[in-house]
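Here's the structure, in structure tokens; my notes come after.
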Amino acid sequence: MNAIAAIITVIVAIILFTSIAYVKAPPNRAAIITGLLKEPRILRGKAGFKIPFFERVDWLEVGQMDISVETEEFIPTSDFINIQVDAIAQVSIDVENGMDIAMRNFLNKNMDEIKTSIATLQGNLREIIGTMELKNICQNKAEFSKQVKENAEEDIANLGISIISFNVQNIKDKENLISDLGIDNREKIRKSGSIAKADSLKEVSINQAKADNESNTAEIESQTEIAK
Numbered sequence: 012m013n014a015i016a017a018i019i020t021v022i023v024a025i026i027l028f029t030s031i032a033y034v035k036a037p038p039n040r041a042a043i044i045t046g047l048l049k050e051p052r053i054l055r056g057k058a059g060f061k062i063p064f065f066e067r068v069d070w071l072e073v074g075q076m077d078i079s080v081e082t083e084e085f086i087p088t089s090d091f092i093n094i095q096v097d098a099i100a101q102v103s104i105d106v107e108n109g110m111d112i113a114m115r116n117f118l119n120k121n122m123d124e125i126k127t128s129i130a131t132l133q134g135n136l137r138e139i140i141g142t143m144e145l146k147n148i149c150q151n152k153a154e155f156s157k158q159v160k161e162n163a164e165e166d167i168a169n170l171g172i173s174i175i176s177f178n179v180q181n182i183k184d185k186e187n188l189i190s191d192l193g194i195d196n197r198e199k200i201r202k203s204g205s206i207a208k209a210d211s212l213k214e215v216s217i218n219q220a221k222a223d224n225e226s227n228t229a230e231i232e233s234q235t236e237i238a239k
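Structural data, given as structure tokens:
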């Protein structure tokens, strides 16, 4: 009986130790184990153990986050047209180069708290708006998005975060000039289409006249031969 009791005690102790010491981190969260060693141990997408009472576990969200970036008011472009822009930025903790910084800034914070801390993107968006003309912003959103991303990368890196992508969604202005640009483009396309159609009809007419002329010439030559 004593042996059985001892075995049961050992089994219970192992179960208790495992439940307390076992740490499993999913791919989108990093477990930060600190206490005994000078440098923290980081688990991400794998499992490990901590030493109870001597080590502790903190958590860091490292998954992709979608952040809505909007200008709160109308911002003047380089040609002095006031616009509002909203965009979507996809960011994540820089697990390769920024873990130490990110741990100091965002340990045990949820994704919403991390998103709130990233206010610098709006400032970067405002800066780039002021360097481009409205027409360029509207007609080349990819370049506009690229410039905002490049402008923001260093500031965001100082928080331990990397920008995966930055995409402008909507642009609007006070005077409906963007709509006017669209009308102007549509008129240019319509005009180009009309010119192309007229050129095509002209070419058809020229070819038809040429064919008629050749037919008439052949008919005259034929009649001349008959008369001879």
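All letters in the sequence shown, in the order written, are residues 12 to 239 by this note's numbering.
Cβ atoms here follow ideal geometry from the backbone N, Cα and C, with glycine treated the same way.
On a predicted model such as this, the values are computed, not experimentally measured, just so you know.
Q.
How far does the beta strand (DSSP E) with residue 181 in it extend, from its first residue to its last?
A. Unbroken beta strand (DSSP E) run through residue 181: 172 to 184.
Q. Given 8 Å as the limit, is there contact between the region 114 to 132 and the region 160 to 176, that is, 3 or more CB pairs closer than that?
A. Contact between the region 114 to 132 and the region 160 to 176 is present, because at least three Cβ pairs lie under 8 Å.
Q: Give the C-beta separation of residue 44 and residue 54 to the nearest angstrom, bearing in mind that I take them to be a contact with Cβ-Cβ under 8 Å.
A: Contact flag correct, Cβ pair sits at about 7 Å.
(Q) I'd like the span of the beta strand (DSSP E) that includes residue 244, first residue to last. (A) Nothing can be reported for residue 244: it is not among the residues displayed for the chain, which extend from 12 to 239.
Q | Coil, strand or helix - residue 89 by DSSP | A | Per DSSP, reduced to three states, the secondary structure at residue 89 is coil, with no helix or strand assignment.
Q) Below 8 Å between beta carbons: does that hold for residue 177 and residue 156? A) The Cβ atoms of residue 177 and residue 156 sit closer than 8 Å to each other.
Q) Contact check, residue 126 vs residue 76 under 8 Å by CB: the rounded distance? A) Taking 8 Å as the upper bound for CB-CB distance, residue 126 and residue 76 are in contact here, some 6 Å apart.
Q. For the candidate residues 67, 91 and 175, whose alpha-carbon lies nearest to that of residue 118?
A. Cα-wise, what sits closest to residue 118 is 67.
**Q.** Reduced DSSP secondary structure (H/G/I, E/B, other) of residue 80
**A.** Three-state DSSP puts residue 80 in a strand.
**Q.** Element boundaries [beta strand (DSSP E), containing residue 72]
**A.** Per DSSP, the continuous beta strand (DSSP E) segment holding residue 72 begins and ends at 67 to 72.
Q) Between which two residues does the beta strand (DSSP E) carrying residue 130 extend? A) Unbroken run through residue 130: none, as it is neither H nor E.
(Q) Could you give the first and the last residue of the continuous beta strand (DSSP E) run that contains residue 34? (A) Element bounds for residue 34: 33 to 45.
Q | Rounded C-alpha distance that separates residue 3 from residue 71 | A | Because the chain is modelled from 12 through 239, residue 3 falls outside the range shown and cannot be assessed.
Q. When we look at the beta-carbon of residue 56 and count the other beta-carbons within 10 Å, is it buried (16 or more) or exposed?
A. Counting every other CB atom within 10 Å of its CB across the protein chains shown gives residue 56 a total below 16, marking it as exposed.
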